[in-house]
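Engineer:
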Amino acid sequence: MTTAPQLAAAADSSDPHTGLRAVAALRRLLEQLEALQVDNARQNGWSWQEIAAALGVSRQAVHKKHARHTRGSSSNA
Amino acid sequence: MLERFTADARKVVVVAKTKAAERGDASVGPLHLLSALTTGDSVATRVLADLGVDTAAVDRELGPASEPTEAEDAELLRSLGIDLDEIRRRAEGSFGEGALQRVPAAPRGPLNRFARSPFTDDAKRTLVESLKEARASHASQLGSEHLLLGILRVGDSNPRGPLRKTLGALGLDYPTTRQQIQSRQPRASA
Numbered sequence: 198m199t200t201a202p203q204l205a206a207a208a209d210s211s212d213p214h215t216g217l218r219a220v221a222a223l224r225r226l227l228e229q230l231e232a233l234q235v236d237n238a239r240q241n242g243w244s245w246q247e248i249a250a251a252l253g254v255s256r257q258a259v260h261k262k263h264a265r266h267t268r269g270s271s272s273n274a
Numbered sequence: 037m038l039e040r041f042t043a044d045a046r047k048v049v050v051v052a053k054t055k056a057a058e059r060g061d062a063s064v065g066p067l068h069l070l071s072a073l074t075t076g077d078s079v080a081t082r083v084l085a086d087l088g089v090d091t092a093a094v095d096r097e098l099g100p101a102s103e104p105t106e107a108e109d110a111e112l113l114r115s116l117g118i119d120l121d122e123i124r125r126r127a128e129g130s131f132g133e134g135a136l137q138r139v140p141a142a143p144r145g146p147l148n149r150f151a152r153s154p155f156t157d158d159a160k161r162t163l164v165e166s167l168k169e170a171r172a173s174h175a176s177q178l179g180s181e182h183l184l185l186g187i188l189r190v191g192d193s194n195p196r197g198p199l200r201k202t203l204g205a206l207g208l209d210y211p212t213t214r215q216q217i218q219s220r221q222p223r224a225s226a
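Protein chains in written order, with our numbering: chain C, 198 to 274; chain F, 37 to 226.
1) Determine, for Q257/C, whether the minimum Cβ-Cβ distance to residues of chain F falls below 8 Å.
2) At the 8 Å Cβ level, is A238/C part of the contact set with chain F, yes or no?
3) Going by the CB atoms, is the gap between G207/F and V94/F shorter than 8 Å?
4) Could you compute how far the alpha carbon of S14/F sits from the alpha carbon of E108/F?
5) Taking the beta carbon of D44/F as the centre, do at least 16 other beta carbons fall within 10 Å, making it buried, or is it exposed?
6) Got a sec? Which residues, its chain only, sit under 7 Å from V190/F by beta carbon, not counting five neighbours each side?
7) Any beta carbon of chain F sitting closer than 8 Å to that of Q246/C?
8) Ignoring anything shorter than 4 residues, give me the alpha helix (DSSP H) runs that lie fully in the stretch 60 to 135 of chain F, in order along the chain.
9) State yes or no: is the beta carbon of P104/F nearer than 8 Å to at least one beta carbon in chain C?
10) For P146/F, I'd like the list of residues in its chain whose CB is within less than 7 Å of its CB, leaving aside the five on either flank, ordered along the chain.
11) Please report how far the alpha carbon of A151/F lies from the alpha carbon of R265/C, in whole angstroms.
12) Starting from the C-beta of V83/F, find all residues in its chain whose C-beta is less than 8 Å away, skip the five residues before and the five after it, and write them out in chain order.
13) Would you kindly report the start and end of the unbroken alpha helix (DSSP H) that includes V190/F?
14) Just curious, the alpha helix (DSSP H) that W245/C is in, first and last residue?
15) By the criterion of Cβ-Cβ separation under 7 Å, what are the contact partners of L233/C in chain F?
Have a look at this one:
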């Protein structure tokens, strides 16, 4: 037998409003983690190509997104 | 120009920028400055308190933030079964305190690590008007009270505009505010 709170929880989890906003929140977290990891990789001397390969994206994409504001971005290496 | 600001006034500008960034607003406007003026313990803060304007009142006028707060995001992620605190703990364990920074929605400038919100035209006008107010009162520095008057001046410059409406909703007008400031700061030359 399902209780009222369980039903409420089930209703929330399939509610598109919550679900979509949760995805948006996850995307924001993803951006934070990516910025952190890319920055760390650059500080460890990784090239943009190496970072791109690990991320599974193009060198151009990762350079365009991160190069202006990470430390150690002075070179195009 | 910032060297001519008092410490309080400089702080107001910083707090306004932070507020805009936290809310995910694209630029810093006069209301962010007004919100910042309600914080701390400057002359303007006390005058605003006298006039019944606090941070909550201004923030209500600013409206809901463009971006959810950290707390709201944590809640949303929890609904997916993700513990944001745990993720932050691990990130900070590896990379030190503050490792997981909020990434602003606004596009990044070329010189800054994180986006620095630009000032709206009204915010720039506020600074110009504030400078005039400081000069008019023969002050040696631009203080929080001049910023406050500057905002009111900009509001008055467009009497049917949204800023003037908001200031009116908050019960603020230039003459009364100026009077309150003067009563708190008796000067030889008013």
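Here a beta-carbon is modelled for each residue, glycine too, at the ideal position from N, C-alpha and C. Being a predicted model, the structure only gives us computed values, none of them experimental.
Structural biologist: Taking the definition as stated:
1) Proximity of Q257/C to chain F, defined by a Cβ-Cβ separation below 8 Å, is not satisfied.
2) By this cut-off, A238/C is not an interface position.
3) In this structure, G207/F does not lie closer than 8 Å to V94/F by Cβ.
4) Residue 14/F falls outside the range modelled here, since chain F spans only 37 to 226, and no answer is possible.
5) Here D44/F is buried. Its C-beta has 16 or more other C-beta atoms within 10 Å.
6) Here the set comprises P66, D158, R161, T162, E165 and L199.
7) At a cut-off of 8 Å, the C-beta of Q246/C has no neighbouring C-beta in chain F.
8) Correct list: 66 to 73, 79 to 86, 91 to 98, 106 to 115 and 120 to 131.
9) By this cut-off, P104/F is an interface position.
10) Any reading at P146/F must be qualified, since the residue scores a pLDDT of 42, below 50, and its modelled position is unreliable; the value itself is stated next. So no residue of the chain qualifies.
11) Because A151/F carries a pLDDT of 49, less than 50, the predicted location of this residue cannot be relied on, and the following value inherits that uncertainty. Rounded to the nearest angstrom, the two C-alpha atoms are 11 Å apart.
12) E181, L184, T213, Q216, I217 and R220, listed in sequence order.
13) S180 to D192 is the extent of the alpha helix (DSSP H) around V190/F.
14) Looking at the DSSP string, the run of the alpha helix (DSSP H) that includes W245/C is W245 to L252.
15) Using a Cβ-Cβ cut-off of 7 Å, L233/C is close to A127, F131, A135 and L136 of chain F, given in chain order.
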